[in-house]
Amino acid sequence: MLGATSHIAGRVLPAVGRVPGNVVEAVASRPGRVAAAGEVARRFGARVHDGYDALLGDPEVDAVYVALPNSEHVTWALRALEAGKHVLVEKPMALSEQDCLRIGRAAGDLVVMEAYMYRFHPQQRKVVQLLGRGEEGCGEAEGRGEGEGGGIGELRVVRAAFAYPTPVEGNIRFDPALGGGATWDVGCYAFDVPLWAFGVEPCRVWARFHGDPVDLGAVAVLDFGDGRSAVLDYSLEYGPRAHYELQGTRGSISVRNAWTTPHEDGVITVVTLDGVREEVVPAADAYELQVAAFADAVRGRRESLVVPLDHSVRVARVGEALIRANAVGDWVDLTSR
Numbered sequence: 001m002l003g004a005t006s007h008i009a010g011r012v013l014p015a016v017g018r019v020p021g022n023v024v025e026a027v028a029s030r031p032g033r034v035a036a037a038g039e040v041a042r043r044f045g046a047r048v049h050d051g052y053d054a055l056l057g058d059p060e061v062d063a064v065y066v067a068l069p070n071s072e073h074v075t076w077a078l079r080a081l082e083a084g085k086h087v088l089v090e091k092p093m094a095l096s097e098q099d100c101l102r103i104g105r106a107a108g109d110l111v112v113m114e115a116y117m118y119r120f121h122p123q124q125r126k127v128v129q130l131l132g133r134g135e136e137g138c139g140e141a142e143g144r145g146e147g148e149g150g151g152i153g154e155l156r157v158v159r160a161a162f163a164y165p166t167p168v169e170g171n172i173r174f175d176p177a178l179g180g181g182a183t184w185d186v187g188c189y190a191f192d193v194p195l196w197a198f199g200v201e202p203c204r205v206w207a208r209f210h211g212d213p214v215d216l217g218a219v220a221v222l223d224f225g226d227g228r229s230a231v232l233d234y235s236l237e238y239g240p241r242a243h244y245e246l247q248g249t250r251g252s253i254s255v256r257n258a259w260t261t262p263h264e265d266g267v268i269t270v271v272t273l274d275g276v277r278e279e280v281v282p283a284a285d286a287y288e289l290q291v292a293a294f295a296d297a298v299r300g301r302r303e304s305l306v307v308p309l310d311h312s313v314r315v316a317r318v319g320e321a322l323i324r325a326n327a328v329g330d331w332v333d334l335t336s337r
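According to UniProt numbering, the stretch in the sequence shown is residues 1 to 337, in order.
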């Protein structure tokens, strides 16, 4: 674990220990912060390294979780791959399409996966089934969203809102030098949803941000062509909200909370011409399921990679395009690359 004292590490490290066959071998801190990391290490019976390079040189470590500020993800993912380690990297994997592609080229036979924990929750699997996409979990949706499983017809509009009121004091999310801002934090979740739901990237995007020196929130529209769109809002100022809705020609599928806690049931509402029904999905720990899927991929079961590298490339491309759209005050075309 690189970034053992981060907030997200407090959720992922316990999950690692609960997955059979997985062990927290070692954690690392920035040079000079070994005492704080040592407290974390003692909770899991792990070794502590003074500096990230020291951990990457540990022969007992097979895979590394990168839980560092956004601006550090690419550097340390690449160094971990160079050291022969598999990598689970906190989202966003990178702040640019080209950096995602660099990681892909460096990976070779090693596993790299971006950590979108909500994609591993059973309610996500249920949504995919309701879309008529078969039994295979929560991976990329195929084609144009014409599944009949939920009776909602052709998928036409995705609405997604991801937001959480975030304290500013000492928070790396508000530091532009560290890749801060709403777009690369909660925004990633918002545009992740239509990308897997439609299974393709948009033709063009539009966005309006507010905030300085980083974006604190945004509204955005993604145009997928042929009457298919996504309407998004995300923010570090209001919430909590992690809702998305898939609107088809004959109905809709709504997820009340994609960020369910380990003790909270998932609730999905399906509205069709035949009426309204709720699907309740038993509580589960999305972080634990994410770790288990990553471990399965490391052991050779690559079909467990719910978030493949080509999807991460799409997410980074859309994030960059939204930033450009806000800067130019107009639509940004993604078809002319």
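Positions of the beta carbon are idealized from the N, C-alpha and C atoms, including for glycine.
Just so it is clear, the structure is predicted and the values come from calculations on it, not from any experiment.
Taking the beta strand (DSSP E) that residue i belongs to, which residues open and close that run?
{"i": "D233", "result": "R228 to S235"}
{"i": "L88", "result": "H86 to E90"}
{"i": "E279", "result": "G275 to V281"}
By the DSSP assignment, the alpha helix (DSSP H) with residue i in it spans what residues?
{"i": "D99", "result": "E97 to A107"}
{"i": "A54", "result": "Y52 to L56"}
Given a threshold of 16 other Cβ atoms within 10 Å of its Cβ, counted over all protein chains shown, does residue i qualify as buried or as exposed?
{"i": "Q98", "result": "exposed"}
{"i": "P194", "result": "buried"}
{"i": "D285", "result": "buried"}
{"i": "R301", "result": "exposed"}
{"i": "N171", "result": "exposed"}
{"i": "T249", "result": "exposed"}
{"i": "V74", "result": "buried"}
{"i": "residue 339", "result": "Absent from the model: residue 339. The displayed extent of the chain is 1 to 337, so no value can be given."}
In three-state DSSP terms, what is residue i?
{"i": "I323", "result": "helix"}
{"i": "V267", "result": "strand"}
{"i": "E114", "result": "strand"}
{"i": "T75", "result": "helix"}
{"i": "W206", "result": "strand"}
{"i": "S312", "result": "helix"}
{"i": "G32", "result": "coil"}
{"i": "A242", "result": "strand"}
{"i": "V219", "result": "strand"}
{"i": "Y189", "result": "helix"}
Among residues of its own chain, excluding the 5 on either side of residue i, which ones have a beta-carbon nearer than 7 Å to its beta-carbon?
{"i": "E148", "result": "Note that E148 scores 44 on pLDDT, short of 50, meaning its location in the model is unreliable; the coordinates nonetheless yield the value given after this. Excluding residues within five positions, the ones whose Cβ falls inside 7 Å are G132."}
{"i": "A292", "result": "V19"}
{"i": "D265", "result": "V280, V281, P282 and A283"}
{"i": "Y238", "result": "A163 and P165"}
{"i": "P176", "result": "P213 and V214"}
{"i": "W259", "result": "Y118 and A242"}
Would you check whether the ligand SAM has a heavy atom nearer than 7 Å to the C-beta of residue i?
{"i": "D185", "result": "The ligand SAM is not part of the structure shown, which contains no ligands of any sort."}
Grab me the residues of residue i's own chain with a C-beta within less than 6 Å of its C-beta, minus the 5 sequence neighbours each way, in chain order.
{"i": "F174", "result": "V168, G180 and V214"}
Hey, would you say residue i sits closer than 8 Å to residue j, going by beta carbons?
{"i": "V89", "j": "A77", "result": "yes"}
{"i": "V231", "j": "V157", "result": "yes"}
{"i": "Y234", "j": "G217", "result": "yes"}
{"i": "A36", "j": "T5", "result": "yes"}
{"i": "A80", "j": "V87", "result": "yes"}
{"i": "H121", "j": "L289", "result": "yes"}
{"i": "A325", "j": "A161", "result": "no"}
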